[in-house]
Amino acid sequence: VAPLQNAYAGDLIPSLGSANHAPNSFADLAEQLLPSVVNISSTQKVNLPKDMQEMPHFPPGSPFEDFLDEFMKNNGEGGVPFAPPASLGSGFVLDAKNGYIITNNHVVKDADEVRVTFHDDSTVEAQIIGRDEKIDLAVLKIDPKGHKLKDVKFGNSDKMRVGDWIIAIGNPFGLGGSVTAGIVSAQQRDIQAGPYDDFIQTDASINRGNSGGPMFNLQGEVIGINTAIFSPSGGSVGIGFAIPSNLAKPVIEQLVNFGHTRRGWLGLRIQTVTPEIAESLGLPAGSQGALVASITKTGPAEKAGLQSGDVILDFDGKPINAMRQLPRAVAETPIGKKTDMGFWRDGKKMSTSVVVGELEKAEKDGLVASEAKKESKSSGQGTSIDSIGVSLSVITPQDREDYSIPEDVEGVLVTDVSAGSEAAEKGLSVGDAVVEVNQQPVKDPSDVSKAVDRARKSDRSSVLLLVNRGGDVRFVALRLGKK
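In my numbering, the protein residues as written are 120 to 602.
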């Protein structure tokens with residue numbers, strides 16, 4: 120992928136202080152950066168209801184003419200019910216020569232018209248080049264002719280440390296260019312906004328309208344894109360979040376070059392390795408990784424020989440210390456690259472090579488598993504396994520229909536979950552199918568009882584269940600209660 124024109128170049132701004140000490144003033148830095156920050160407004164066209172589009176036309180002087188004019192005035196033409204939805208946000212110029220501007224996806228999502236207002240109050244129409252909902256980024260393009268655009272460059276967000284000074288510039292509440300200062304409060308925050316959450320947290324005032332605006336270090340480099348706030352009141356409470364520049368840069372390059380993202384894909388579903396799961400699998404103390412819950416048929420992971428129950432420990436030479444690190448590592452890997460991967464299976468570390476596929480193509484082909492869930496019906500019948508807090512029974516044809524259990528899934532049905540049990544706390548529910556216990560298939564409740572007894576005799580404190588819910592599978596580790 121070719122780098123953006125001027126994406127990493129721009130006027131160097133002298134440091135106003137070391138990363139550990141605040142400057143006497145942010146004024147010089149703000150003065151040089153403000154022209155690169157823009158205000159963004161977007162509107163959606165609203166179609167009148169069909170019955171209003173088909174309103175009859177009356178001849179001039181008709182007694183119905185005044186009535187119709189008053190009705191349209193109050194309900195259609197300029198009336199509140201049909202005011203076009205509008206959105207206000209911020210952005211920044213990344214490439215002055217080609218007119219590329221960066222903002223958040225949610226600022227321009229579903230927009231029919233996008234306008235960019237510069238620091239000198241001039242306003243131009245903008246075109247949406249590409250959007251990415253997973254990271255919440257969008258690239259806009261304007262005609263740079265006749266405008267003295269000033270761009271900024273990206274910095275290295277990985278070099279930022281908790282406590283480093285930053286400044287944020289944006290358009291809070293539509294007020295126009297506003298500058299706030301603060302520090303990096305935390306890094307690698309997961310706020311459940313998407314599959315690649317890795318936010319920088321700051322105490323600089325971030326409010327509505329700041330979305331899409333830049334977060335700068337003291338060298339005037341963009342190290343984050345302000346995206347979200349935590350606020351019960353809707354205003355700043357000192358907890359704002361920004362997309363790190365190192366996460367944003369490859370996505371922006373793809374949007375500019377292709378109009379959409381091209382992320383790597385392995386074809387597997389993963390989950391966190393909890394201490395109970397680690398103990399069940401015999402992982403060394405302190406080991407982390409990503410537990411493979413299921414694998415897409417014909418996907419790259421299956422072709423590489425991975426299996427459900429494997430724990431991925433490293434990918435492309437990088438250790439996987441937490442489950443959420445793997446999706447980002449895979450997404451940023453070039454499509455078609457043959458990549459080495461280490462994993463844990465049967466009590467030992469193994470390795471394989473995988474050819475990375477394309478996520479967007481897999482989504483288009485319907486290969487990415489959905490997470491649909493079906494409402495459970497409680498029957499309260501079955502064999503009770505008190506040590507893990509569930510009751511189980513064999514799976515009948517009616518059960519398969521009621522709970523959307525695929526025909527090729529073998530196991531036992533959860534018919535009851537004890538209130539207050541660990542099984543309940545970890546989300547097991549009536550209608551789940553237990554496919555394996557300690558990585559051994561089960562077809563009858565007695566198989567589960569025997570597996571629990573074997574775990575006790577081996578002095579294990581927990582058992583590992585593979586659970587299928589409507590075709591979606593995951594591992595659940597349950598501590599063994601008193602016999």
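Here a beta-carbon is modelled for each residue, glycine too, at the ideal position from N, C-alpha and C. Since the structure is predicted, the reported quantities are computational estimates derived from the model, not experimental observations.
So is Asn143 buried or exposed if we call it buried at 16+ other beta carbons inside 10 Å?
-> On the sequence shown, residue 143 is found 24 positions in, with the first residue counted as 1. When all chains shown are included, Asn143 counts as exposed.
Are the Cβ atoms of Ser304 and Thr321 separated by less than 8 Å?
-> Taking the sequence shown and counting its residues from 1, the one referred to as residue 304 is at position 185. Taking the sequence shown and counting its residues from 1, the one referred to as residue 321 is at position 202. Contact: yes.
Go ahead and pull the three-state DSSP assignment for Val571.
-> Here residue 571 corresponds to residue number 452 of the sequence shown, with the count starting at 1. Of the three classes helix, strand and coil, the one that applies to Val571 here is helix, per DSSP.
Cβ pair Ala423, Thr471 closer than 8 Å | For the purposes of this step, residue 423 is taken as residue 304 along the sequence shown, with counting starting at 1. For the purposes of this step, residue 471 is taken as residue 352 along the sequence shown, with counting starting at 1. Yes, the Cβ-Cβ distance between Ala423 and Thr471 is below 8 Å.
Taking Cβ to Cβ, would you say Ile220 is nearer than 8 Å to Leu259?
-> Within the sequence shown, residue 220 is the residue found at index 101, counting from 1. Within the sequence shown, residue 259 is the residue found at index 140, counting from 1. In contact: Ile220 and Leu259 (Cβ atoms closer than 8 Å).
Neighbour-count burial assignment, Gln559, 16 or more Cβ in a 10 Å radius | On the sequence shown, position 440 is the one that residue 559 refers to. Under this definition Gln559 is an exposed residue.
Go ahead and pull the three-state DSSP assignment for Lys562.
-> For the purposes of this step, residue 562 is taken as residue 443 along the sequence shown, with counting starting at 1. Of the three classes helix, strand and coil, the one that applies to Lys562 here is coil, per DSSP.
Consult DSSP for Ser276 and reduce its assignment to one of helix, strand or coil.
-> Counting from 1 along the sequence shown, the entry for residue 276 is found at position 157. It is helical.
According to DSSP, what are the bridge partners of Met442?
-> Start at 1 with the first residue of the sequence shown, and residue 442 comes out as number 323. In the DSSP output, where bridge partners are listed per residue, Met442 has none listed.
Per DSSP, which residues does Val298 bridge with? Please list them.
-> Position 179 of the sequence shown, counted from the start, is the residue given in the question as residue 298. The partner list for Val298 (beta bridge, DSSP) reads Ile288.
Leaving out the 5 sequence neighbours to the left and right, which residues in its chain are closer than 8 Å to Arg447 when beta-carbon positions are compared?
-> Locating residue 447 in the sequence shown gives position 328, counting from the first residue. Contacts found: Tyr315, Asp317, Leu366.
Rounded to whole angstroms, how far is the Cβ of Glu62 from the Cβ of Thr162, which I believe are closer than 8 Å?
-> The requested residue 62 does not occur in the structure, where the chain is confined to residues 120 to 602.
Three or more C-beta pairs closer than 8 Å, one from the region 143-152 and one from the region 333-351: is that the case here?
-> yes
With Arg388 as the anchor, note down where its alpha helix (DSSP H) starts and where it stops.
-> By one-based count along the sequence shown, residue 388 stands at place 269. Taken as a continuous stretch (DSSP letters only), Arg388 belongs to no alpha helix (DSSP H), being part of the beta strand (DSSP E) at 387-391.
Classify Ser160 as buried or exposed, calling it buried when 16 or more other Cβ atoms lie within 10 Å of its own Cβ.
-> For this step, residue 160 is matched to residue 41 along the sequence shown. Buried, by the Cβ-count rule.
Residue interval of the alpha helix (DSSP H) (run including Leu547) = Against the sequence shown, residue 547 aligns to sequence position 428. Element bounds for Leu547: n/a, residue is neither H nor E.
Would you call the region 380-395 and the region 346-359 in contact, with 3 or more CB pairs under 8 Å?
-> no
From Gly546 to Leu585, what does the alpha carbon distance come to, in whole angstroms?
-> Taking the first residue of the sequence shown as position 1, residue 546 is located at position 427. Taking the first residue of the sequence shown as position 1, residue 585 is located at position 466. Computed Cα separation, rounded: 13 Å.
Counting only the same chain and skipping the five closest in sequence on each side, list residues whose C-beta sits under 7 Å from that of Gly208.
-> In the sequence shown, residue 208 corresponds to position 89, counting from 1. Here the set comprises Ile159, Thr222, Asn223, Val226, Asn290, Gly328, Ser330, Gly331.
Find out if the Cβ-Cβ distance for the pair Ser406, Leu583 is shorter than 8 Å.
-> The count along the sequence shown starts at 1 and reaches residue 406 at position 287. The count along the sequence shown starts at 1 and reaches residue 583 at position 464. Not closer than 8 Å, so no.
Can you grab the Cα-Cα spacing for the pair Pro525 / Arg234, in whole Å?
-> Taking the first residue of the sequence shown as 1, we reach residue 525 at position 406. Taking the first residue of the sequence shown as 1, we reach residue 234 at position 115. Taking the straight line from one Cα to the other gives about 50 Å.
Could you name the residues of the same chain whose beta carbon sits closer than 8 Å to that of Val561, not counting the 5 residues immediately before and after it, in chain order?
-> Within the sequence shown, residue 561 is the residue found at index 442, counting from 1. So the qualifying residues of the chain are Gly530, Val531, Val553, Val554, Glu555, Val567, Ala570.
Mind checking who Tyr219 pairs with in its DSSP beta bridge?
-> Along the sequence shown, read from residue 1 onward, the residue named residue 219 stands at position 100. Residue pairing for Tyr219: DSSP places it in a beta bridge opposite Asp214, Lys260.
Find out if the Cβ-Cβ distance for the pair Lys627, Val475 is shorter than 8 Å.
-> Given a span of 120 to 602 for the chain in the structure shown, any question on residue 627 remains unanswerable.
Beta bridge counterpart(s) of Gln306 as assigned by DSSP | Locating residue 306 in the sequence shown gives position 187, where the first residue counts as 1. In DSSP, Gln306 forms no bridge with anything.
Taking C-alpha atoms, which residue in Asp229, Asp563, Val157 lies nearest to Thr236?
-> Here the question's residue 236 lines up with position 117 in the sequence shown. Looking at the Cα atoms, Val157 is the closest of the given residues.
How long is the line joining the alpha carbons of Arg593 and Val533, rounded to whole angstroms?
-> Within the sequence shown, the letter at position 474 stands for residue 593. Within the sequence shown, the letter at position 414 stands for residue 533. About 15 Å.
Should Gly282 be labelled buried (16 or more other beta-carbon atoms within 10 Å of its own) or exposed?
-> Residue 282 sits at position 163 when you count from the first residue of the sequence shown. Counting the other CB atoms within 10 Å of its CB gives Gly282 a total below 16, which places it among the exposed residues.
With a cut-off of 8 Å on the beta carbons, I'd call Ala323 and Phe145 a contact; round off their distance for me.
-> Counting from one through the sequence shown, the residue named residue 323 turns up at place 204. Counting from one through the sequence shown, the residue named residue 145 turns up at place 26. That belief does not hold up - the Cβ atoms of Ala323 and Phe145 are roughly 11 Å apart, past 8 Å.
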